[in-house]
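A.B. asks: Dumping the structure here so I can ask a few things about it.
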């Protein structure tokens, strides 16, 4: 799955109209758009779940002339944002229409093979010390039976994910929505409307 990018609907029409205005107006709009993109990316980084930090590090503001957005380049970002399988259907049904439309772009886009899923879950299990056996001194055992226990735990988790999916952990939508309100307020303030 490719990265995803968020942009506010209706903003293009507004910014197109602003292109006809003086440079001072454009500068004020650009300042607000830049602030929106930077704050949204920062908030999304704060809201996203963290294991090793790949998702958080993949969130970046994207700023162009009279355009602003946020890009999330982690290939699994949509599964974290919207969930998968039944969890995704349940969560996405509660979203506004524009977000449902956005989520639909990722529906059914499998993220790889079961072996790849199992490999990633095994790494996660090791990182979280799930299924690890301890030595008499209380340290993590590196024995064959300890590694087998971790692989077994990873297999069971991967199988459950394959059957049931994963719950949504929204990070981008809350960031976009809260900063969209701030953007609107700031533009109204700056233009006394």
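Numbering (our numbering), first residue to last: 6 to 198. Cβ coordinates follow ideal geometry from the N, Cα and C atoms, glycine included.
Please classify residue 37: is it buried, with 16 or more other beta-carbons within 10 angstroms of its beta-carbon, or exposed?
C.D. replies: Answer is buried; the Cβ neighbour count reaches 16.
A.B. asks: Three-state secondary structure (DSSP) at residue 4?
C.D. replies: The first residue shown for the chain is 6 and the last is 198, placing residue 4 beyond what the model contains.
A.B. asks: Can you tell me where the alpha helix (DSSP H) with residue 179 in it begins and where it stops?
C.D. replies: 177-195 is the extent of the alpha helix (DSSP H) around residue 179.
A.B. asks: Around the Cβ of residue 48, are there at least 16 other Cβ atoms within 10 angstroms (buried) or fewer (exposed)?
C.D. replies: By the neighbour-count rule (16 or more Cβ atoms within 10 Å), residue 48 is buried.
A.B. asks: Assign residue 148 to buried or exposed, taking buried as 16 or more other Cβ atoms, counted over all protein chains shown, within 10 Å of its Cβ.
C.D. replies: Classification for residue 148: exposed.
A.B. asks: Check whether the Cβ atoms of residue 91 and residue 169 lie closer than 8 angstroms to each other.
C.D. replies: The answer is yes: Cβ separation under 8 angstroms.
A.B. asks: Which residue from 94, 123 and 145 puts its Cα closest to that of residue 165?
C.D. replies: Per the Cα distances, 123.
A.B. asks: Quick check: what's the CA-CA separation for residue 192 versus residue 96?
C.D. replies: C-alpha separation (whole angstroms): 32 angstroms.
A.B. asks: Determine the direct distance from the alpha carbon of residue 50 to that of residue 172, and round the result to whole angstroms.
C.D. replies: Going from the Cα of residue 172 to the Cα of residue 50 covers about 19 angstroms.
A.B. asks: I need the straight-line Cα distance from residue 73 to residue 133, nearest angstrom please.
C.D. replies: In a straight line, the C-alpha of residue 73 is about 37 angstroms away from that of residue 133.
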